[in-house]
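Its first residue numbered 800, the sequence shown is counted upward by one per residue in the numbering used here.
Here a beta-carbon is modelled for each residue, glycine too, at the ideal position from N, C-alpha and C.
The model shown is predicted, which means the values in this text are computed figures rather than measured ones.
Input: a single structure, listed below in structure tokens.
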Amino acid sequence: MSANDWMRQSRMDILKYLPNFLSKAPMFHCAAETCNEEHDRLRLALQDLADNFFVNTATWALPLYESFLGIKPSDGDSDEFRRQRILFKLQHVDVSTKDFMNSIINLYSVGHIEEVNEEYYFKVYCIMNGKDTTTLQKLITQLNIYKPAHLGYAIYLGYSWNGRIHWNGEATFSTATIVSKKGVMTNG
Numbered sequence: 800m801s802a803n804d805w806m807r808q809s810r811m812d813i814l815k816y817l818p819n820f821l822s823k824a825p826m827f828h829c830a831a832e833t834c835n836e837e838h839d840r841l842r843l844a845l846q847d848l849a850d851n852f853f854v855n856t857a858t859w860a861l862p863l864y865e866s867f868l869g870i871k872p873s874d875g876d877s878d879e880f881r882r883q884r885i886l887f888k889l890q891h892v893d894v895s896t897k898d899f900m901n902s903i904i905n906l907y908s909v910g911h912i913e914e915v916n917e918e919y920y921f922k923v924y925c926i927m928n929g930k931d932t933t934t935l936q937k938l939i940t941q942l943n944i945y946k947p948a949h950l951g952y953a954i955y956l957g958y959s960w961n962g963r964i965h966w967n968g969e970a971t972f973s974t975a976t977i978v979s980k981k982g983v984m985t986n987g
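If you want it as structure tokens, here you go:
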């Protein structure tokens with residue numbers, strides 16, 4: 800997934816650019832092969848370095864981006880999830896709009912928010928296994944960071960669409976309901 804289309808993508812063959820009679824000399828042929836290997840090693844190193852300048856193709860530089868942005872990755876996070884979280888943090892806007900809050904929800908699940916302005920809170924509807932408390936806790940942490948301070952929220956876990964919406968969550972204000980093996984806990 801390299802973005803280095805400007806750079807050679809195949810192994811170098813120096814002899815291709817030189818007169819044929821030079822390749823017949825054993826010493827020159829060995830020297831050219833050594834140069835080919837060294838050129839290829841440098842080409843791959845430069846491509847890897849260039850890939851890590853961009854979050855979308857970074858591998859070994861992900862911890863550097865996370866350290867710079869103050870992100871603490873979990874052990875089970877995939878590189879793609881880490882890239883999304885880094886991009887999300889880099890593209891953060893100062894104002895938490897409805898679209899921005901929806902993008903937070905969709906980082907961890909599939910869902911949306913519904914504003915209840917007259918009661919100063921919003922509803923979070925998302926498809927998530929109630930037993931996946933780790934992902935739910937990450938979502939709650941992000942919501943608490945980015946939501947406006949004067950608003951509460953309620954999280955509704957799991958819904959399906961068949962002309963009607965059925966929610967299997969519990970509405971609470973300024974708290975979130977977490978379902979785990981220990982039962983229902985309220986975090987607020």
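Is residue i close to chain C, meaning its C-beta is less than 9 angstroms from at least one C-beta of that chain?
i	result
K897	Looking at the structure shown, chain C is missing, and only one protein chain is on hand.
Taking a contact to mean a Cβ-Cβ separation below 9 angstroms, would you say residue i touches residue j in this structure?
i	j	result
N855	L886	yes
Got a sec? Which residues, its chain only, sit under 7 angstroms from residue i by beta carbon, not counting five neighbours each side?
i	result
I903	Q941, L942, Y945
Y919	H949, L950, G951
I912	K897, M900, N901, I904, F921, K922, V923
K888	L868, I870
Considering just the uninterrupted stretch of the beta strand (DSSP E) at residue i, what are its terminal residues?
i	result
L956	951-956
E914	909-915
Y919	First-last for Y919: undefined, no H or E at that position.
Whole angstroms are fine: how far does the CA of residue j sit from the CA of residue i?
i	j	result
E865	M927	26 angstroms
C834	G869	43 angstroms
N961	L843	Confidence at N961 is low in this model, with a pLDDT of 45, below 50, so the placement of that residue should be treated as unreliable; the coordinate-derived value is given next. Rounded to the nearest angstrom, the two C-alpha atoms are 52 angstroms apart.
S809	P825	24 angstroms
L1052	C829	The chain is shown only over 800 to 987; residue 1052 falls outside these bounds and no answer can be derived.
P947	K930	28 angstroms
K937	S895	18 angstroms
N840	L848	For clarity, residue 840 is Arg in the given sequence; the question names Asn instead. The straight-line gap from Cα to Cα measures roughly 12 angstroms.
Q890	F880	15 angstroms
F827	K815	13 angstroms
T985	D804	Low confidence applies here, because T985 scores a pLDDT of 47, under 50, leaving its location unreliable; read the following figure in that light. Approximately 52 angstroms, taken between the alpha carbons.
T932	E917	30 angstroms
L863	P872	12 angstroms
W859	F853	11 angstroms
R963	G957	Confidence at R963 is low in this model, with a pLDDT of 49, below 50, so its placement is unreliable and no value can be given for it.
I'd like the list of long-range same chain contacts for residue i, defined as Cβ closer than 6 angstroms, with 5 residues on each side in sequence excluded.
i	result
T934	Y907
D876	none
S959	Note that S959 scores 46 on pLDDT, short of 50, meaning its location in the model is unreliable; the coordinates nonetheless yield the value given after this. So the list is empty, once near-sequence residues are dropped.
Excluding five sequence neighbours on each side, which residues of the same chain lie with their C-beta closer than 8 angstroms to the C-beta of residue i?
i	result
I813	A831, C834, N835, H838
Q883	L906
On the premise that residue j lies in contact with residue i, defined as a C-beta separation below 8 angstroms, what is that separation, rounded to the nearest angstrom?
i	j	result
D878	L861	6 angstroms
L845	M806	7 angstroms
C925	V915	Wrong, their Cβ atoms sit about 16 angstroms apart, outside the cutoff.
Where does the unbroken alpha helix (DSSP H) through residue i begin, and where does it stop?
i	result
P825	825-850
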